[in-house]
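So for the sequence shown, our numbering puts the first residue at 4; every next one is plus one.
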Amino acid sequence: MPANRRGFPALRARLRVTALLLSAVLAIGIAVAPAVTKADGPQPFSDHITGDWGGLRTQLLNDGVDVDFNYTSESATNVQGGATKLVRYTDQLTFGTTLDLQKLVGVNNATIQFTITDRNGKNLSADAGLDSLQQVQEVYGRGQTWRLTQLWYDQNYFNDALDLKIGRLTEGEDFAAFSCEFMNLTFCGAPPGNLVGDYWFNWPVSQWAARVKTNIAGFGYAQIGVYQVNPSYLNADGEINFGSPSGTTGALIPVEVGWMPTFGKQQLQGSYKFGGWYNTSRTADPVENTDGGFLSVGGGTPLQHNGAWGAYINFQQQLTKPSSVDPNQGLSAFLNFTYADPQTSTLDGQLAMGLFYTGPFDSRPMDQVGIAIGGTHVNSRVADSEEAQNAAGLGPVDVQHTEYAAELYYNARLYNGVYLQPDFQYVHEPGGVSANTDDVILGLKVHLDF
């Protein structure tokens, strides 16, 4: 069979599965909603390619059903750095349904969220030998497969003073939450997952968990969660698993306090989060063996620690608000800092800061510019062990310190639900190794909301 036809069956199979899952999501929404009537007033979903489906989508929303289907792709090439010059493409499909149980069945202030994702493609960081600590295509990772990403029940009590969420959750949706507008993982998602990803699982991996949040009037909120720690969820055979695979090692317990102030006459919005976590699992030391020596020199069995911990801050502040019509326009600044237990973490620190500007031109009110700089620090104990390995004549191995990254993007809304984002990345000392050639990455992110 010709090479250009061998992939057709797999492509057709994937399209069939995609169509079936989309149909299932739509069927759930339609099945639980009353008969559709013509909606009055302004029509929502003007930011979706498929619009309002002739009024069906509005009626479903009014009756308590919100259906979501979107696609994100990231293409990237290394014009400098790495072992070889390559172009790599990766993508994610997301299918979701949000059910407002108050509208559907009369359960006040209750919501069910169901989301599945499908990731495909290849990873430039690995294939081109970039040796970077953080991936340059954030949408790649955690297995190129289908996953049950969300299946949770959320209930508010006492006029929203108390909020309970339980089910299959991703840690980064509630704790250390941060956007993924940038392509480099240094600036994307909940930062703890970028340092201790062996037990803090960000999107699209979920696990059984519960989160309790109390909203504090005039201040913000405080919350605590308990998440199952089970590395089996990372395996491809976990995929769309509604149960719990074997392999649970403990519980991750994050806590967070958020101060949500407004400043000045323009009521500029701020978000200041202070958090930390403790993992009850027995955790291996990345450097030391049970005899008190370096694993890199003497080998042996890694020293085990009773638990692992970390702390973080996530700050974001709106600085200007030029439009009274759209409160999201203007300049905002962010700063994220995360520190992980040096006894259990190979990567023990990450700092990232940057700016977002929405509506850079009067004629482009929905476009956004983002710029950021940051660094990911390799545990100094790891560097000590690498130096000891070289001194013992067991090398040579590279001695790692800090990887620095910078990124600039322009996100253009081309049409309803269609976003095109050219991207530039510069990675200094990739892998935290001073001898490595700096990486220059050109990328393109495409996002479609259907």
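Backbone N, C-alpha and C define an ideal beta-carbon position, used for all residues, glycine too.
These numbers come from a predicted model, not from an experiment.
Out of curiosity, what's the CA-to-CA distance linking residue 25 and residue 71? Unreliable positioning characterises residue 25 in this predicted model, as indicated by a pLDDT of 44, which lies under 50. The coordinate reading is nonetheless provided below. About 9 Å.
Could you name the residues that DSSP lists as bridge partners for residue 448? Partner(s): 77, 424.
Considering only DSSP beta bridges, list what residue 186 is partnered with. Residue 186 pairs with nothing; no bridge assigned.
Short check: CB of residue 189 to CB of residue 379, under 8 Å? Their beta carbons are under 8 Å apart, which means residue 189 touches residue 379 by this criterion.
Could you check which residue in 56, 372, 194 has the C-alpha nearest to that of residue 314? Measuring from the Cα of residue 314, the nearest candidate turns out to be 194.
Counted within 10 angstroms of its Cβ, other Cβ atoms place residue 433 as buried (16 or more) or exposed: Buried, by the Cβ-count rule.
What residue does the alpha helix (DSSP H) around residue 195 start on, and which one ends it? Note, residue 195: alpha helix (DSSP H), 195 to 198.
Measuring only the C-alpha atoms, how far is residue 204 from residue 364? Residue 204 and residue 364: Cα-Cα distance of roughly 38 Å.
Hey, how far is the Cα of residue 262 from the Cα of residue 302? The alpha-carbon atoms of residue 262 and residue 302 are separated by roughly 47 Å.
Where does residue 89 sit, in a helix, a strand or coil, going by DSSP? The three-state secondary structure of residue 89, taken from DSSP, is coil.
What does the alpha-carbon distance come out to for the pair residue 362 and residue 336? Straight-line Cα distance between these residues: approximately 15 Å.
So, using beta-carbon positions, are residue 354 and residue 340 closer together than 8 Å? Yes, the pair counts as a contact, with Cβ atoms nearer than the cut-off.
Where does the unbroken beta strand (DSSP E) through residue 112 begin, and where does it stop? In this chain, residue 112 is not harboured by any beta strand (DSSP E), its DSSP state being neither H nor E.
From residue 199 to residue 343, what does the alpha carbon distance come to, in whole angstroms? Each residue's Cα considered, the two are about 7 Å apart.
For residue 334 and residue 191, what's the separation of their Cα atoms in angstroms? Those two C-alpha atoms are separated by around 19 Å.
Residue 219 classed as buried or exposed, judged by whether at least 16 other C-beta atoms fall within 10 angstroms: Label assigned to residue 219: exposed.
Alpha carbon of residue 202 to alpha carbon of residue 260, nearest angstrom: Note on geometry: alpha-carbon atoms of residue 202 and residue 260 lie some 22 Å from one another.
Is residue 171 helix, strand or coil by DSSP? DSSP, reduced to helix, strand and coil, places residue 171 within a strand of the structure shown.
What's the C-alpha gap between residue 255 and residue 57? Here the alpha carbons of residue 57 and residue 255 stand approximately 45 Å from one another.
How far does the alpha helix (DSSP H) with residue 392 in it extend, from its first residue to its last? DSSP places residue 392 inside the alpha helix (DSSP H), whose first and last residues are 383 to 394.
For the putative contact between residue 80 and residue 90, defined by C-beta atoms under 8 Å, what is the C-beta separation to the nearest angstrom? Sure, about 4 Å apart at Cβ, within 8 Å.
Enclosing beta strand (DSSP E) for residue 284 [first to last residue]: Taken as a continuous stretch (DSSP letters only), the beta strand (DSSP E) holding residue 284 covers 271 to 292.
Out of 88, 51, 392, 351, state which residue places its alpha-carbon closest to the alpha-carbon of residue 298. Taking only the C-alpha atoms, the option nearest residue 298 is 392.
Where do the N-terminal and C-terminal ends of the alpha helix (DSSP H) with residue 301 fall, by residue? Secondary structure note for residue 301: its alpha helix (DSSP H) is the uninterrupted segment 298 to 301.
Contact the segment 113 to 123 vs the segment 397 to 414: 3+ CB pairs below 8 Å: In short, these stretches do not touch, since the Cβ pair count stays below three.
Compare the Cα-Cα distances from residue 375 to each of 169, 430, 97 and report the closest residue. Of 169, 430, 97, the residue nearest in Cα terms is 430.
First through last residue of the beta strand (DSSP E) which encompasses residue 338: For residue 338, the uninterrupted beta strand (DSSP E) run begins and ends at 333 to 343, by DSSP.
Give me the residue from 186, 142, 215, 235 with the minimum Cα distance to residue 227. For residue 227, the nearest C-alpha among the options comes from 215.
For my contact list, residue 293 and residue 304 are in at a C-beta cut-off of 8 Å; report their separation, rounded to the angstrom. About 5 Å separates the beta carbons of residue 293 and residue 304, which is inside the 8 Å limit, making them a contact pair.
Using a threshold of 7 Å, is the CB atom of residue 397 nearer than that to any non-hydrogen atom of the ligand MG? Inclusion of the ligand MG in the displayed structure is not the case, the ligand content being empty and no account of it being possible.
Quick one: using the 10 Å Cβ neighbour count with 16 as the cut-off for buried, is residue 348 buried or exposed? With 16 or more other Cβ atoms within 10 Å, it is buried.
Applying the criterion that 16 or more other CB atoms from any shown protein chain within 10 Å of the CB defines a buried residue, is residue 282 buried or exposed? In this structure residue 282 is buried. Its beta-carbon is surrounded by 16 or more other beta-carbon atoms within 10 angstroms.
Which of the three DSSP states, helix, strand or coil, is assigned to residue 352? Strand at residue 352.
Mind checking who residue 318 pairs with in its DSSP beta bridge? Answer is 275, 338.
Between which two residues does the beta strand (DSSP E) holding residue 150 run? Per DSSP, the continuous beta strand (DSSP E) segment holding residue 150 begins and ends at 149 to 160.
Span of the alpha helix (DSSP H) holding residue 60? First-last of the alpha helix (DSSP H) with residue 60: 59 to 65.
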